[in-house]
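Last residue of the sequence shown: 479 (numbering that gives the first Met the number 0), numbering continuous. C-beta: ideal position from N, C-alpha, C; glycine also. Take a look at the structure set out below.
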Amino acid sequence: MSDPLIWQPDAAVYSVAVLAQASSIGFARSFHYGGTDTAMSRTAQPSLGFRVGCNYVPSDASNQLDMWRRDSFNPALNDVELGWAREKLGMSLVRVFLHEQPFFEDPCGFLDRVEQFLQIADSHGIQVMFVIWDGCWRPSSPCEVEEQGADGKLRRVGRPLIGVHNSCWVQSPLLETLRAWHDRSRLHQDDLRHYVQTVVRRFRTDPRIHSWDLYNEADNWVLEMATFLSNPRRMLMYIADSLRGFAWRVCAGVLRRKSRSGGAGRSARGDVHQIVAEHEEQRLSSQTPYPHVTWWTTSSFDLDLRFALLASTVLWVRSVAPSQPVTICEWEMMTGRFCELALRHSDIGSFHIYSSGRSTAAEAERMQVRYGVGRQVFLTEYLARPWWCGSRFDTVLPALKQRNVAGALNWGLVAGRTQTFHSWLTWFWPLRVWGGLLAAVAGAASLEPRNWWHDVLRPGSGEPYRQDEAALLRLVAGQG
Numbered sequence: 000m001s002d003p004l005i006w007q008p009d010a011a012v013y014s015v016a017v018l019a020q021a022s023s024i025g026f027a028r029s030f031h032y033g034g035t036d037t038a039m040s041r042t043a044q045p046s047l048g049f050r051v052g053c054n055y056v057p058s059d060a061s062n063q064l065d066m067w068r069r070d071s072f073n074p075a076l077n078d079v080e081l082g083w084a085r086e087k088l089g090m091s092l093v094r095v096f097l098h099e100q101p102f103f104e105d106p107c108g109f110l111d112r113v114e115q116f117l118q119i120a121d122s123h124g125i126q127v128m129f130v131i132w133d134g135c136w137r138p139s140s141p142c143e144v145e146e147q148g149a150d151g152k153l154r155r156v157g158r159p160l161i162g163v164h165n166s167c168w169v170q171s172p173l174l175e176t177l178r179a180w181h182d183r184s185r186l187h188q189d190d191l192r193h194y195v196q197t198v199v200r201r202f203r204t205d206p207r208i209h210s211w212d213l214y215n216e217a218d219n220w221v222l223e224m225a226t227f228l229s230n231p232r233r234m235l236m237y238i239a240d241s242l243r244g245f246a247w248r249v250c251a252g253v254l255r256r257k258s259r260s261g262g263a264g265r266s267a268r269g270d271v272h273q274i275v276a277e278h279e280e281q282r283l284s285s286q287t288p289y290p291h292v293t294w295w296t297t298s299s300f301d302l303d304l305r306f307a308l309l310a311s312t313v314l315w316v317r318s319v320a321p322s323q324p325v326t327i328c329e330w331e332m333m334t335g336r337f338c339e340l341a342l343r344h345s346d347i348g349s350f351h352i353y354s355s356g357r358s359t360a361a362e363a364e365r366m367q368v369r370y371g372v373g374r375q376v377f378l379t380e381y382l383a384r385p386w387w388c389g390s391r392f393d394t395v396l397p398a399l400k401q402r403n404v405a406g407a408l409n410w411g412l413v414a415g416r417t418q419t420f421h422s423w424l425t426w427f428w429p430l431r432v433w434g435g436l437l438a439a440v441a442g443a444a445s446l447e448p449r450n451w452w453h454d455v456l457r458p459g460s461g462e463p464y465r466q467d468e469a470a471l472l473r474l475v476a477g478q479g
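Structure, rendered in structure tokens:
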């Protein structure tokens, strides 16, 4: 009997019609994963050369909500910008973040918009890696405003903080939704499962989709903490709430042990069935409701919930049996239990690092050793140009291509409302005040930093920020 957790595409994937559609964009796979739950046997994946790509957010969107909501979805702009990515930079792969809120608001419309986006990407010879959940930045929706779009219609969009890096980006699921999923509400449990399985089932054999990234930096709390550095009062509230949360855990006697008798705690890190069962047992047996001591910040309780949600998502996605590979991205500060889950249940390896070319190459070699010969490895986030990070195209791409990494996707394509060409340090409130003063004196348009952090192209014209970077990208992609 086949293991339901092992990726085994059904025969329909290999039909003549599907392969013909795949060949239309120069892509066809013959994956077959089998074996046991503890040791998956994988055949080597056919090489398509080094894939160059980016994490794509339209320049008129401040976050995932703006990208996918009905009134702010902009297919015309997507078409223009993905055309630039292909023609000017030679990119053939984009990583795109989904979000559950637009799906809850309009399920059928959301799926239609995803289909439309895939059609646009395919028309430019670009495949898509979809990200289902995201653990980074804001735990709740940012301030939103209504403004007039290019078509003259009003649209509801996030209101970015002037001169602040990615100030409107939100976690998925939102913190409120994650906690409701844990609490005794079957409705929200069914909502999250329905969202994941509906989206994956709709596109489970679609060759325009490269892969599914189940959870972006699932245990990342660092970036969320950075959002509170933009306001000293909220920073003090964060510290007070954290201390209150720790006191609650001690008084309630619910401190989790690092290990359990017989080593069950360690084995549960990779066994999604056991992880989900333990979470359900804890949820049902708890005599105390979820401690909402930190209403708007992620606590250690929430990281446990993310771990359980990730394990549940593995089961939900495997039950649909998509033809595309599944990955769980690793990042520089990922904790052991999340790393074990990623290693055990990823069909391809993916990792993030914003560091020098030497450090990136070392991390790539470590990932290749961990994931073995049969699994491709992708760098799915990099690019932090300042000298003290050193993550640049000229330092990263040649080193990765030399080591036979499958591809690299930088953060950002066209500079826009996310303002990710600004440094992460702009979240620190004194720099934010200084930026606000500059904006008041000289206008927001003059706030472009001398050295961009992320992003490659200028809005409107699509001109590269640096011509030498664009030439290198085309050369590495084989279009030089």
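Helix, strand or coil at Trp423 according to DSSP, with G and I counted as helix: Residue state for Trp423 is assigned as helix, using DSSP reduced to three classes.
DSSP bridge partner residues for Trp330 (one or two, in chain order): Paired residues: none, contrary to the question.
Beta-carbon gap between Val413 and Asp467 smaller than 8 Å: Against a cut-off of 8 Å, the Cβ pair of Asp467 and Val413 comes out as no contact.
Cβ-Cβ separation, Val169 to Asn62 (assumed contact under 8 Å), whole Å: With a beta-carbon spacing of about 5 Å, Asn62 and Val169 fall inside the 8 Å limit used to define contacts.
Outcome for Cys167 when other beta-carbon atoms lying within 10 angstroms are tallied against a minimum of 16: Cys167 is buried by the Cβ-count criterion.
Segment limits, beta strand (DSSP E) that includes Gln418: Element bounds for Gln418: n/a, residue is neither H nor E.
Residue nearest to Met128 in terms of C-alpha spacing, selected from Cys142, Gly52, Gly461: By alpha-carbon distance to Met128, the top candidate from Cys142, Gly52, Gly461 is Gly52.
Beta-carbon proximity list for Gly461, same chain, < 8 Å, skipping 5 on both sides: Excluding sequence neighbours, Gly461 sits near Val79, Glu80, Trp83, Lys87, Val413.
Contacts around Gly134, its chain only, beta-carbon distance under 7 Å, and the 5 residues preceding and following it disregarded: Taking Gly134 as the centre and dropping the five residues before and after it, the same chain places the C-beta of Gln170, Tyr214, Asn215, Glu216, Ala217, Asp218, Asn219, Arg305 closer than 7 Å to its C-beta, in chain order.
Under the three-state DSSP convention, the category Thr176 falls into: Helix.
Where Met128 falls: helix, strand or coil (DSSP): For Met128, the secondary structure class from DSSP, reduced to helix, strand or coil, is strand.
Extent of the continuous beta strand (DSSP E) run through Arg207: From DSSP, Arg207 is part of no beta strand (DSSP E); its letter is neither H nor E.
First and last residue of the uninterrupted alpha helix (DSSP H) at Val319: Taken as a continuous stretch (DSSP letters only), the alpha helix (DSSP H) holding Val319 covers 299–319.
Given 8 Å, three or more beta-carbon pairs between the stretch 64–71 and the stretch 107–122: When Cβ pairs closer than 8 Å are counted between the two stretches, the stretch 64–71 is seen to touch the stretch 107–122, the count reaching three or more.
Same chain, Cβ closer than 7 Å to Asp105, five either side skipped, listed in chain order: These residues qualify, in order along the chain: Arg69.
Contacting residues, own chain, Cβ-Cβ under 8 Å from Gly442 (five flanking each side not counted): Bear in mind that a pLDDT of 48 at Gly442, under 50, signals an unreliable position, so the model cannot answer this.
Opening and closing residue of the alpha helix (DSSP H) in which Arg50 lies: From DSSP, Arg50 is part of no alpha helix (DSSP H) but of the beta strand (DSSP E) over 50–54.
Three-state secondary structure assigned by DSSP to Glu216: Reduced to three states, the DSSP call for Glu216 is coil.
Glu362 vs Arg402 beta-carbon contact at 8 Å: Taking 8 Å as the Cβ cut-off, Glu362 and Arg402 do not qualify as a contacting pair.
Distance between beta carbons of Trp330 and His351, contact taken as under 8 Å: 4 Å between Cβ atoms; contact.
Reduced DSSP secondary structure (H/G/I, E/B, other) of Val455: When DSSP states are grouped into helix, strand and coil, Val455 belongs to the coil group.
Residues near Val395 by beta carbon distance below 6 Å, same chain, minus five either side: Here the set comprises Gly356, Thr359, Tyr381.
DSSP three-state assignment for Phe72, whether helix, strand or coil: Coil.
Helix, strand or coil at Pro45 according to DSSP, with G and I counted as helix: Low per-residue confidence applies at Pro45: pLDDT is 47, beneath 50, and the placement is therefore not dependable enough to give any value.
Which of helix, strand or coil DSSP assigns to Val253: In this predicted model, Val253 has a pLDDT of only 42, less than 50, meaning its place in the structure is not dependable; the value taken from the coordinates is given anyway. Val253 falls in the coil class under three-state DSSP.
Proximal residues to Met333 (C-beta, below 7 Å), its chain only, five neighbours per side dropped: Only Asp218 meet the Cβ criterion.
Classification of Ser58 by the beta-carbon crowding that lies within 10 angstroms, buried from 16 upward: Under this definition Ser58 is a buried residue.
Rounded separation between Phe102 and Arg137 - CA only: So the alpha carbons of these two residues sit roughly 19 Å apart.
Own chain partners of Ala383 with C-beta closer than 7 Å, once the 5 adjacent residues on each side are dropped: Shown here for Ala383: same chain residues with a beta carbon closer than 7 Å to its own, the five before and five after excluded, namely Tyr353, Ser390, Trp452 in chain order.
With 16 other Cβ atoms within 10 Å as the buried cut-off, status of Ser122: Ser122 is classed as exposed because its beta carbon has fewer than 16 other beta carbons within 10 Å across all chains shown.
Per-residue burial, Asp189 [other beta carbons within 10 Å of its own, 16 or more giving buried]: So Asp189 ends up on the exposed side.
Under 8 Å between C-beta atoms of Leu177 and Leu308: Cβ atoms of Leu177 and Leu308: closer than 8 Å.
Where the beta strand (DSSP E) containing Ala407 begins and where it ends: Run containing Ala407: 406–410, per the beta strand (DSSP E) assignment.
Coarse secondary structure for Val372, derived from DSSP in three states: Coil at Val372, not helix or strand.
Assigned secondary structure, Ala441 (DSSP; H/G/I helix, E/B strand, else coil): Any reading at Ala441 must be qualified, since the residue scores a pLDDT of 48, below 50, and its modelled position is unreliable; the value itself is stated next. It is helical.
At least three beta-carbon pairs within less than 8 Å, the stretch 316–328 to the stretch 200–214: Touching, per the Cβ criterion.
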